[in-house]
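Worksheet for the structure shown next.
Residue numbers (our numbering): 5 to 254.
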């Protein structure tokens with residue numbers, strides 16, 4: 005690959021990024037490149053910096069120091085245009101006290117988009133919620149898994165360039181987790197989205213991602229400490245050793 009092609013393939017590049025809360029450093033990324041159309045996983049214990057990194061990538065907050073380059077130019081929260089290309093599904097997404105259709109359609113309406121009904125139906129189909137059954141349903145009538153899938157549909161309907169997911173399968177049943185996996189992979193297949201996903205569900209994460217990065221203490225570790233990871237993830241040693249081997253060759 006030529007240098008020019010390699011540069012075009014880079015979607016994000018972070019250099020010397022640090023984030024601090026109350027004088028405490030919670031994120032330290034010396035260098036990170038995320039290529040277009042990749043699905044990247046973020047693993048590691050609570051407090052490892054995964055959610056903070058997602059918020060920086062989503063341009064919800066600016067780092068205390070360092071630079072975030074997106075599509076070849078330095079960007080920050082001041083660049084409103086990039087916020088239309090990048091969307092974050094938080095661990096506990098907020099739904100409006102409206103119908104499922106109104107929640108999924110909200111972003112399109114704000115943007116003055118057309119063919120809203122057709123796009124909403126398509127997004128609900130992507131997450132496995134039949135529009136005929138769910139579109140008119142009030143959000144307080146949804147189960148936890150259904151609400152998470154509606155929140156994901158509300159982001160997928162915008163066809164974002166980048167989809168960031170923070171613990172998208174936490175406390176979900178197997179069917180909902182599988183639906184979220186299928187919708188995430190369809191976003192890359194159908195319109196070339198790039199995804200970054202933070203999760204403690206290592207089996208699920210491994211089945212979705214091209215590469216998994218291990219984070220601890222706000223840093224990305226090139227070689228995850230197996231014993232500490234096993235303790236934080238509460239997984240068997242055989243599986244952890246397999247993850248360690250896979251990580252080493254990514």
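Every residue, glycine too, gets a C-beta built ideally from N, C-alpha and C.
### Query
Could you check where the beta strand (DSSP E) with residue 170 kicks off and where it finishes?
166-170
### Query
Which one or two residues does DSSP pair with residue 215 in a beta bridge?
44
### Task
Look up residue 70 in the DSSP assignment and say whether it is helix, strand or coil.
strand
#### Entry: Close-in-space but distant-in-sequence residues of the same chain around residue 170 (CB under 6 Å, 5 per side omitted)
55, 58, 94, 95, 202
### Task
Helix, strand or coil for residue 176, going by three-state DSSP, please let me know.
coil
### Which of helix, strand or coil DSSP assigns to residue 81
coil
### Query
Just the Cα atoms here: how many angstroms apart are residue 106 and residue 141?
10 Å
### Query
What three-state label does DSSP hand residue 95 in the structure shown?
coil
### Query
Would you call the region 64-72 and the region 37-44 touching, i.e. three or more CB-CB distances under 8 Å?
no
### Query
Can you tell which of 50, 49, 14 has its C-alpha closest to the C-alpha of residue 35?
14
### Query
Can you find at least 3 beta carbon pairs, one from the region 203-217 and one from the region 167-182, that sit closer than 8 Å?
yes
### Task
Would you give the residue range spanned by the beta strand (DSSP E) that residue 138 belongs to?
Segment 135-138 is the alpha helix (DSSP H) holding residue 138; no beta strand (DSSP E) there.
### Task
Classify residue 13 as helix, strand or coil using the three-state DSSP reduction.
helix
### Query
Should residue 80 be flagged as near chain C, meaning a C-beta pair shorter than 8 Å?
No chain C is present in this structure, which holds just one protein chain.
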